[in-house]
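K.L.:
Take this structure first; my questions come after.
There are 4 protein chains.
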Amino acid sequence: MIIICKPNISEGALQHIVDRIVEMGLVPNVSRGVHRTVVGVIGEEDQLRSMPLEAIEGVEQVMPVLAPYKRASREFQPVDTIVDVGGVAVGGSHFTVIAGPCVVESEEQTLAVARAVQEAGARILRGGAFKPRTSPYSFQGLGEEGLKILARCSAETGLPIVTEVMDTRQVEVVTRYAQMLQVGARNMQNFNLLSEVGRSGMPVLLKRGSSGTVRELLMSAEYILAAGNARVVLCERGIRTFEDSVRFTLDLSCVPTVLRESHLPIIVDPSHAAGRWDLVPALARGAAAMGAHGVMVEVHCCPEEARCDGPQQLLPRRFAEMMGALRAIARAVGKTM
Amino acid sequence: MIIICKPNISEGALQHIVDRIVEMGLVPNVSRGVHRTVVGVIGEEDQLRSMPLEAIEGVEQVMPVLAPYKRASREFQPVDTIVDVGGVAVGGSHFTVIAGPCVVESEEQTLAVARAVQEAGARILRGGAFKPRTSPYSFQGLGEEGLKILARCSAETGLPIVTEVMDTRQVEVVTRYAQMLQVGARNMQNFNLLSEVGRSGMPVLLKRGSSGTVRELLMSAEYILAAGNARVVLCERGIRTFEDSVRFTLDLSCVPTVLRESHLPIIVDPSHAAGRWDLVPALARGAAAMGAHGVMVEVHCCPEEARCDGPQQLLPRRFAEMMGALRAIARAVGKTM
Amino acid sequence: MIIICKPNISEGALQHIVDRIVEMGLVPNVSRGVHRTVVGVIGEEDQLRSMPLEAIEGVEQVMPVLAPYKRASREFQPVDTIVDVGGVAVGGSHFTVIAGPCVVESEEQTLAVARAVQEAGARILRGGAFKPRTSPYSFQGLGEEGLKILARCSAETGLPIVTEVMDTRQVEVVTRYAQMLQVGARNMQNFNLLSEVGRSGMPVLLKRGSSGTVRELLMSAEYILAAGNARVVLCERGIRTFEDSVRFTLDLSCVPTVLRESHLPIIVDPSHAAGRWDLVPALARGAAAMGAHGVMVEVHCCPEEARCDGPQQLLPRRFAEMMGALRAIARAVGKTM
Amino acid sequence: MIIICKPNISEGALQHIVDRIVEMGLVPNVSRGVHRTVVGVIGEEDQLRSMPLEAIEGVEQVMPVLAPYKRASREFQPVDTIVDVGGVAVGGSHFTVIAGPCVVESEEQTLAVARAVQEAGARILRGGAFKPRTSPYSFQGLGEEGLKILARCSAETGLPIVTEVMDTRQVEVVTRYAQMLQVGARNMQNFNLLSEVGRSGMPVLLKRGSSGTVRELLMSAEYILAAGNARVVLCERGIRTFEDSVRFTLDLSCVPTVLRESHLPIIVDPSHAAGRWDLVPALARGAAAMGAHGVMVEVHCCPEEARCDGPQQLLPRRFAEMMGALRAIARAVGKTM
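This is the structure we're talking about:
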């Protein structure tokens, strides 16, 4: 931790800062520059973090030296984490495609998509049973009935299931049917939910919130890891910017940043970012080329009749075409698919 | 709803669009321009909203004519809503100051602040018992013990209490001790929580998420209103932008926008936006001058020892000074405080 | 300057960093912490700034201790700068209103507005002769003819003129007619233009770019100050964010930030930020309450016939109403108007 | 153009809108819905664009149907533009790599980089002679001396030159030495400069501003096209967002958006976006996979001694490695390099 003092700091105020650091069992290192006095602190930065040093008179700025997350960092664990989702590996040199409809509407609809994406090479089936919707008047999902449909599609196709859990009270029921729990972008900082999925011990797909920084995404992963669950896959799905030709701006530069900072797998969801199907293949190719561990893509056999997010869902034949291109790129960057 | 067709739309595709609209019992109005054919739809736009028209081939863009919220709109209810919080009015011509510590640390600490802010003119006491923290290693609040302290401070001072509820499972216990439930910025789109506080019938303080638009804030209010609870107060507390001299950019222009679009009261939280106490008085004055119905401000008797957000908490004497300035401005814009 | 080394830095790389610092005549201060080695540098930080320390192997992060601007900082000049614009003071305890049409369309139009705003209390007349337009097909202003009209309106009313200069080649001609040169938001980082208006010695109104940070705004002011011209007034006019109910989000928190960091006056342009007249009075009141040194507002006698930005221009009677409210607020915060 | 009227619009106001449209020789189409009256306008939308319809009483919102750019649109020219830069093709199925130092420091430095990048497969040499710098105290480039060095390096290697022009007054001299003029991100809306490079007839590399939308980038291209110069290559180089792990967020989704909306080539600059060399190869791969027509990358033989942007410049051997990966990806997406 580095503490920059104001230019006019009094000796008394400086001494007060030094005293507070010593009280915590840490070692202050005062360095008087031409324009500023700087206090470096040697020792465990974590203890200082909870202390509001900026509130002390005479302090201009406090600069942490270390990242605030630990278990999620590559410094803590240098080797890549590979998460097993019902027998499918996510992470390392695998490029894993998750696909399925936005929302489970019926068994017929879900099974048709499941079969089509499996045939094209998807390894995990997605589909919403509990659906977060911005409008209270929109279709909110089939709930447990949707989970049952997903489980039957899994039994038919052998694909493991990932589906969203929105509320701490849903963790138990979702765990009964699915192989992986999704925490949606809007819940990235729903800390009670993070702790609860952490305690479940299940694989978790943690989506980045639309205004979450990479650092905050890793802090949210830390909640799950701190609850004793190391089976976390991160997912970039677009951030809010001023650009209005897409629903969200897919932040693909977060892929190499996460690869550098963390050992956790990172996949990309191009469907929710773009909000329109015609951009999805290009975004998925970009993700593959940049080293992502997979993509999650929405597919529907008749998008114009979809009960949710129709415009962003690919037709099965377009999904299959995209898979061909992804295979070529995955190979070019040394990934297996 | 206005549907813009692609320049090269076929007659078959256009007919398909028209058919889908007629199927829903609505009336299409086809207008062929020089560069584009446009289909206007007369009738209840809500029905069309759930239909993914953009997914139909030949559709370039779909433009809604109406706002997606209803009960929250001024069109639905032209007259201002005034919410009664334990005998204190929020809304209309009242300018209401809510103040208190960021988090309840002890009865002594909370009571000292409660007395100081009451004396200076605050009308409602705030304080966190359940605290959302970005780090799992930070102090998470005293829980029900904190609620009991708040209730005792309320009994001592007569100030009603507003405190945060983070999880659907907490609604019941918080309702037993507090007069108003706060839904935090990170939970603005926690739709299950919104429905649950809606069903509680309690006054709700709904904070805008850091990447939520005004429209989405009103849609989140709609969840509470749709559950039968009209006692909603909105709160602006800063949005994420590239500017890094503050923690969040306080979007004060949302105040007149909400006043125009909605009948619900809107207050401003300058403390969380700035993240530093020295900006709080200016931001609070700005909010008052622009017609906000109040501010919510954090106060601590010894910020450098605060267990949460010390740098943004005002000392009681600075809070009292700020109240003087706010009174003058409230008067200048025709509000009573 | 603080240099954070990577956890695994070799002794050789550390020595290389130390050598480079000593070569520059500065004193390195190496501090070995538990998790990181940190090198503090004592001496003139400016010299180090131009050295790409992050490019050295083993360096994780470089953190400057000082702001990059000097002459623009309050540390350099503690007392407020007051800029004289043709006899009108901007800065200090003055609250100065600049008003006029977006663009000069004709003498009749400009004079009518000039008289109306003067009567209502504006002290400086604005109006565009050279107009930056996003479309090459839009009206680009009357050029020198527009400047002549402004000069005649100034002669009639006694109001000094501020008008935009878009190109280094226009500085000379604008200087002949106007009392203050405006550098528009899109030119905040047109460094050649900044140097040129710096050399002119004229008062300069420097608008913040829509993606410029406060720090960058002050760096752009530094260009003008470094050219020997201290007559700079800063202007906040909205930044780009995801919020779409306004054209730009007016960043009013930059007002107290600039007051803290710099001695230069700061005014606010609510018209360009909002893009719609109905928000202008509220935004102007907010600016006044927060301590801005003035506002710049667009006024037109018939907005629906304006050749540029009609929707954001106030009618003269609405401008006069707004002035009444501003007077009350300016008084409440100790400013004279 | 679609005009949405306010719910309570009077018959007089509606008639006034209709009259104004008819005056312009256009045909209004009034459609009375349940909640809103909507006026569609058939005819040339351009004429209406300059009319401030939102300023008319009773108008709630005006929605354009067409994009504001023409010559830059794919509707205007369906076939891809391929720009010839001194014999090198940019656009179509070519994937063109532009590389070189950030700034020309000396002939020795520039020539060493030029030879290295040529050998690795770059086709155009970049290098700054006139450098926009945020600080007036930073190195501003060698000016015409730098241009002469670039010309000599071009003669040695056969690589054509692209270099920045910052000021209308520099266009003539840069044209004498370079084969392509670069308009930097900060000048994307320097409309006088756009017109001037348009008149030059030279190939232009137009960078997107850090807060420019795709639509605005295309409008800026329109300025150059409208001046009679169709040799425009667009360049994405990162936008401002709240994410702080990179200098700018590279908006790769703009690549497929531009490919859909325009016939102009689009390349990507990963160096300025990331601000750090270690992310550059991944970002360049992403750009190639998504269909960009090339990348522009900074290379330096000794980044820690670079006079500008050292941390983002690749060493020649890392550049060569990256080129290998780009070749594999370009092949996978059907591009030749």
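Chains B, Z, H and C are the protein sequences, given in the same order. Taking the numbering used here, I'd label the letters of the first sequence as residues 2 to 338. Taking the numbering used here, I'd label the letters of the second sequence as residues 2 to 338. Taking the numbering used here, I'd label the letters of the third sequence as residues 2 to 338. Taking the numbering used here, I'd label the letters of the fourth sequence as residues 2 to 338. Ideal Cβ placement from N, Cα and C applies to all residues, glycine included.
Let's test the definition: count the other Cβ atoms within 10 Å of the Cβ of H/P204 and tell me whether it reaches 16, buried, or not, exposed.
P.N.:
Buried.
K.L.:
Residues of chain C with a CB under 8 Å from the CB of H/A56: which are they?
P.N.:
The contacting residues are W278, P304, E305, A307, G311, P312, Q314.
K.L.:
Check the Cβ of Z/S74 against every Cβ in chain B and list those closer than 7 Å, keeping chain order.
P.N.:
Within 7 Å Cβ-Cβ: nothing; Z/S74 doesn't reach chain B, min ~13 Å.
K.L.:
Roughly how far, in whole angstroms, is the beta-carbon of C/L284 from the beta-carbon of C/V234, given that I think they are within contact range, below 8 Å?
P.N.:
So it is not a contact: roughly 18 Å between Cβ atoms.
K.L.:
Would a C-beta distance cut-off of 8 Å place C/V247 and C/A275 closer than the cut-off?
P.N.:
Yes, the Cβ-Cβ distance between C/V247 and C/A275 is below 8 Å.
K.L.:
So which residues on chain B does Z/N188 lean against when the C-beta distance must stay under 7 Å?
P.N.:
Those within 7 Å of Z/N188 in chain B are N191.
K.L.:
Of the residues H/S32, H/G292, H/Y178, which one's Cα is nearest the Cα of H/G335?
P.N.:
Taking only the C-alpha atoms, the option nearest H/G335 is H/G292.
K.L.:
List the DSSP bridge partners of Z/T169.
P.N.:
DSSP lists no partner for Z/T169.
K.L.:
Output yes or no for whether 8 Å exceeds the beta carbon distance between H/V281 and H/P271.
P.N.:
Taking 8 Å as the Cβ cut-off, H/V281 and H/P271 qualify as a contacting pair.
K.L.:
By the three-class DSSP mapping on this structure, what secondary structure does H/C103 have?
P.N.:
Of the three classes helix, strand and coil, the one that applies to H/C103 here is coil, per DSSP.
K.L.:
At which residue ranges does the stretch 37 to 100 of chain Z contain complete beta strand (DSSP E) runs of 3 or more residues, listed in the order of the chain?
P.N.:
Listed in chain order, they are 38 to 43, 60 to 64, 84 to 86, 89 to 91.
K.L.:
Counting only Cβ pairs nearer than 7 Å, list the residues of chain Z close to H/P257.
P.N.:
Those within 7 Å of H/P257 in chain Z are L280, A283.
K.L.:
To the nearest whole angstrom, what separates the beta carbons of Z/V163 and Z/L206, a pair I think is in contact under 8 Å?
P.N.:
Going by Cβ atoms, the distance from Z/V163 to Z/L206 rounds to 6 Å, so yes, they are a contact pair.
K.L.:
Given H/E197, which residues of its chain have a CB within under 7 Å of its CB, disregarding the five upstream and five downstream residues?
P.N.:
Result list for H/E197: T169, V172, in chain order.
K.L.:
Between which residues of its own chain and Z/L49 is the CB-CB distance below 8 Å, once the five residues before and five after are set aside?
P.N.:
Hits under 8 Å: M2, I22, M25, L27, V42.
K.L.:
Give the residues of chain Z in contact with B/A227, contact being defined as C-beta atoms less than 7 Å apart.
P.N.:
Chain Z residues near B/A227: P137.
K.L.:
Can you pull out the residues from the stretch 32 to 43 of chain C whose beta carbon lies closer than 7 Å to at least one beta carbon of chain Z?
P.N.:
Correct list: S32, G34, V35, H36, R37, V39, G41, I43.
K.L.:
Leaving aside the five residues before and after H/M220 along the sequence, list all residues of the same chain whose C-beta is less than 7 Å from its C-beta, in chain order.
P.N.:
Counting only Cβ-Cβ distances below 7 Å, and skipping sequence neighbours, we find P69, Y70.
K.L.:
What is the DSSP secondary structure of B/K132, reduced to helix, strand or coil?
P.N.:
Reduced to three states, the DSSP call for B/K132 is coil.
K.L.:
As a quick exercise: from Z/G129, Z/S94, Z/G92, pick the residue whose alpha carbon is nearest that of Z/Q110.
P.N.:
For Z/Q110, the nearest C-alpha among the options comes from Z/G129.
K.L.:
Does DSSP put Z/K336 in a helix, a strand or coil?
P.N.:
DSSP places Z/K336 in coil when its eight states are reduced to three.
K.L.:
At what residues does the alpha helix (DSSP H) containing H/L218 begin and finish?
P.N.:
Residues 215 to 227.
K.L.:
Any heavy atom of the ligand SAM closer than 7 Å to the CB of C/V23?
P.N.:
Of the ligands one can find in the structure shown there are none, so the ligand SAM has no counterpart to examine.
K.L.:
Assuming C/M167 and C/P137 form a contact by the criterion Cβ under 8 Å, report the distance between their Cβ atoms to the nearest whole angstrom.
P.N.:
The pair is not a contact, with the Cβ atoms about 14 Å apart (cut-off 8 Å).
K.L.:
Please report the distance separating the alpha-carbon of B/E322 from that of C/C103.
P.N.:
Near 40 Å, if we compare the C-alpha coordinates of C/C103 and B/E322.
K.L.:
Are the beta-carbon atoms of H/A121 and H/F243 separated by less than 8 Å?
P.N.:
No, these two residues do not count as a Cβ contact at 8 Å.
K.L.:
Using C-beta distances below 8 Å, list every residue in its chain close to C/Q190, excluding the 5 sequence neighbours before and after it, in chain order.
P.N.:
Excluding residues within five positions, the ones whose Cβ falls inside 8 Å are G210, G213, E217, S221.
K.L.:
On the premise that Z/I267 lies in contact with Z/L1, defined as a C-beta separation below 8 Å, what is that separation, rounded to the nearest angstrom?
P.N.:
The structure shown does not extend to residue 1 of chain Z, since chain Z is modelled only from 2 through 338, so no value can be given for it.
K.L.:
In the DSSP assignment, find the unbroken alpha helix (DSSP H) run with Z/C236 in it and report its ends.
P.N.:
Counting along the chain, Z/C236 falls outside any alpha helix (DSSP H), though it belongs to the beta strand (DSSP E) covering 233 to 237.
K.L.:
H/S201 lies in the alpha helix (DSSP H); which residues open and close that run?
P.N.:
H/S201 -> alpha helix (DSSP H) spans 192 to 201.
K.L.:
Alpha carbons only, please: which of H/D279, H/N230, H/V215, H/R308 is nearest the one belonging to Z/T391?
P.N.:
In the structure displayed, chain Z extends from 2 to 338; residue 391 of chain Z sits before or after that span and is not available.
K.L.:
When you compare only the Cα positions, how much space is there between B/M338 and B/I83?
P.N.:
Each residue's Cα considered, the two are about 15 Å apart.
K.L.:
To the nearest angstrom, how far is the alpha carbon of H/L143 from that of H/R153?
P.N.:
When rounded, the distance between both Cα atoms is 15 Å.
K.L.:
Would C/W278 pass as a contact of C/P304 if the rule is Cβ separation under 8 Å?
P.N.:
Contact: yes.
K.L.:
From what residue to what residue does the alpha helix (DSSP H) around Z/I240 run?
P.N.:
Here Z/I240 belongs to no alpha helix (DSSP H), and DSSP marks it neither H nor E.
K.L.:
Do the CB positions of H/T97 and H/I125 come within less than 8 Å of each other?
P.N.:
A contact, by the Cβ cut-off of 8 Å.
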